[in-house]
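Scroll down for the structure; my scribbles are underneath it.
Rendered as structure tokens:
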């Protein structure tokens with residue numbers, strides 16, 4: 037599951053993407069608009085700034101703004117930054133691998149094999165979807181049916 041922190045980051049990033057023509061946006065404006073605690077949002081935006089996704093400006097006309105274009109910010113990057121591994125088990129994580137203590141052999145472990153498939157399918161989506169996809173109107177998107 038995505039953490040509240042990650043979901044709020046996506047809310048803030050979409051707000052900033054939709055407000056790009058206004059320049060820098062104050063934290064309070066984003067917090068009020070998206071109903072997010074100012075202090076919590078401040079910490080999220082600082083992490084995004086440290087990661088090179090956002091820039092900030094002090095003084096009059098100050099606030100936060102996107103450094104990269106929305107189509108250059110993948111969902112995977114934001115998820116990994118704020119939520120940690122995308123894989124459901126540490127033994128299948130590409131970036132945070134840890135051997136499972138209760139598994140004798142990963143090569144023959146059915147849970148490992150299935151979770152590798154889950155990881156690969158999840159990555160196929162979140163590495164190819166960007167902030168731009170989050171700001172596209174729902175009516176413009178193709179609805180997936182399972």
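Residue numbers (the numbering used here): 37 to 182. Just so you know, even glycine gets a beta-carbon here, dropped at the ideal spot from N, CA and C. A quick note: this is a predicted structure, and the numbers were derived from the prediction, not measured.
Residue from the options with nearest C-alpha to residue i
i, options, result
"residue 159", "172, 136, 144, 115", "115"
"residue 83", "70, 106, 135, 100", "100"
"residue 79", "102, 42, 111", "42"
"residue 138", "105, 125, 37", "125"
"residue 152", "85, 121, 170, 73", "121"
Span of the alpha helix (DSSP H) around residue i
i, result
"residue 130", "Unbroken run through residue 130: none, as it is neither H nor E."
"residue 52", "40 to 54"
Counted within 10 angstroms of its Cβ, other Cβ atoms place residue i as buried (16 or more) or exposed
i, result
"residue 149", "exposed"
"residue 53", "buried"
"residue 143", "exposed"
"residue 172", "exposed"
"residue 44", "buried"
"residue 47", "buried"
Whole-angstrom distance between residue j and residue i, CA atom to CA atom
i, j, result
"residue 156", "residue 141", "20 angstroms"
"residue 59", "residue 66", "13 angstroms"
"residue 87", "residue 71", "24 angstroms"
"residue 62", "residue 98", "7 angstroms"
"residue 182", "residue 154", "Caution applies to residue 182, whose pLDDT of 49 falls short of 50 and renders its modelled position unreliable; the model cannot decide the point."
"residue 109", "residue 161", "13 angstroms"
"residue 92", "residue 107", "20 angstroms"
"residue 130", "residue 136", "14 angstroms"
"residue 113", "residue 90", "13 angstroms"
"residue 57", "residue 166", "19 angstroms"
"residue 73", "residue 119", "18 angstroms"
Residue i: first and last residue of the uninterrupted beta strand (DSSP E) it sits in
i, result
"residue 73", "Looking at the DSSP string, residue 73 is not in any beta strand (DSSP E), and its letter there is neither H nor E."
"residue 90", "90 to 93"
Checklist line | Runs of alpha helix (DSSP H) wholly within the region 98 to 146 (minimum 4 residues, chain order) | finding: Listed in chain order, the complete alpha helix (DSSP H) runs (minimum 4 residues) inside the region 98 to 146 are 111 to 119.
Margin query: Threshold first: 4 residues or longer. Then list the alpha helix (DSSP H) segments lying entirely within the region 147 to 172, N to C.
Written below: With a minimum length of 4 residues, the continuous alpha helix (DSSP H) runs that stay inside the region 147 to 172 are 167 to 171.
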